[in-house]
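A quick write-up on the structure given underneath.
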Amino acid sequence: MTRILLLGGTSEARALAQALADAGLEAVYSYAGRLQNPVAQPLPTRSGGFGGADGLAAYLRVEGFTHLIDATHPFAATISHNAIAASGRARVPLIALERPAWTAQPGDRWRHVADFAAAASALPNDGSGVFLAIGRQQLAPFVGCNHRWMLRFAEVASHPLRDATLIVSRGPFTVAGDIALMQRHGIGLVVTKNAGGHGAEAKLIAARELGLPVVMIDRPALPARHVVARVAEVMDWLHGAADRGV
2 MTRILLLGGT SEARALAQAL ADAGLEAVYS YAGRLQNPVA QPLPTRSGGF
52 GGADGLAAYL RVEGFTHLID ATHPFAATIS HNAIAASGRA RVPLIALERP
102 AWTAQPGDRW RHVADFAAAA SALPNDGSGV FLAIGRQQLA PFVGCNHRWM
152 LRFAEVASHP LRDATLIVSR GPFTVAGDIA LMQRHGIGLV VTKNAGGHGA
202 EAKLIAAREL GLPVVMIDRP ALPARHVVAR VAEVMDWLHG AADRGV
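Just so you know, the sequence shown maps onto residues 2 to 247 in our numbering.
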């Protein structure tokens, strides 16, 4: 019998959860547990970590999961590394559902950097307004930088930055809305991680139309794994694995 563990937290995971539920497949949706009020899912859910790769492998074995799907955020490198390792240890096949990365378009003024520390080092430190669109987990490298910050979180949360305005809002966002937001707060530069997808792309189009530079944090490198970009490809993989008796 097919039993699926879905590591989620993204809009793609939500769409996949609905597809699994519609297909009548037995599955559990796992959240990282960072949000206080996560979006409701059409599958049974669990929240929190597993205790590393060994803990995840043990959970897969004890709970009788036959398939593992990593549909976490492209920057959730720790859980993705653990999923790869746990898949091998528990001998449970793994597939990753990952949205394609953004690519620069004509008119974009992107500077690519390798990580959050490099992004902080790339800032001019001139007191200007910066839209720091990276969530709330990786703000430490920006502490002490001389800027006025605009942050946007899905929920009200504390943060370590001084001279910061917090906007509480969930996507998807609109280009017109992000243009107005940046103009209202005097934003001169955008810092973002290359999350990909359409839900948060509006800020990049807004920056292009306003002629603003963007510091683009590249995705973390991961070991080789089976990656697809569409829910239908995951469903095809599940049906193919079941047909093979995997």
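Ideal placement from N, C-alpha and C gives every residue a C-beta, glycine not left out. Here the structure is a predicted model, which is why all the values come from computation and not from measurement.
- For H68, DSSP records a beta bridge to I5.
- Between the stretch 186-205 and the stretch 54-63 there are fewer than three C-beta pairs closer than 8 Å, too few to call the two in contact.
- Judged by DSSP in its simplified three-state form, F174 adopts coil rather than helix or strand.
- Assignment of beta-bridge partners to I218 by DSSP yields V114 and K194.
- The DSSP-derived three-state label of T79 is helix.
- DSSP places R153 inside the beta strand (DSSP E), whose first and last residues are R149 to F154.
- Here A105 has W111 as same chain residues with Cβ atoms under 6 Å from its own Cβ, once five neighbours each way along the sequence are excluded.
- By the 16-neighbour rule on beta-carbons within 10 angstroms, T175 is exposed.
- In chain order, S12, G172 and P173 place their CB closer than 6 Å to the CB of G200, counting only its own chain and leaving out the 5 sequence neighbours on each side.
- The Cβ atoms of M236 and A20 sit closer than 7 Å to each other.
- Distance from the CA of L182 to the CA of E156, rounded to the nearest whole angstrom, comes to 18 Å.
- The three-state reading of DSSP puts R185 in helix, counting H, G and I together.
- Around the beta carbon of M2, fewer than 16 other beta carbons sit within 10 angstroms, so the residue counts as exposed.
- In this structure, V216 places its C-beta atom within 7 Å of the C-beta atom of A123.
- In this structure, the alpha-carbon of D164 lies about 15 Å from that of R137.
- Rounded to the nearest angstrom, the gap between the Cα atoms of A120 and G128 is 16 Å.
- Excluding the 5 residues flanking it on each side, F143 has same chain C-beta neighbours closer than 6 Å at A121, in chain order.
- Here I70 really is in contact with L7; their C-beta atoms are around 5 Å apart, less than 8 Å.
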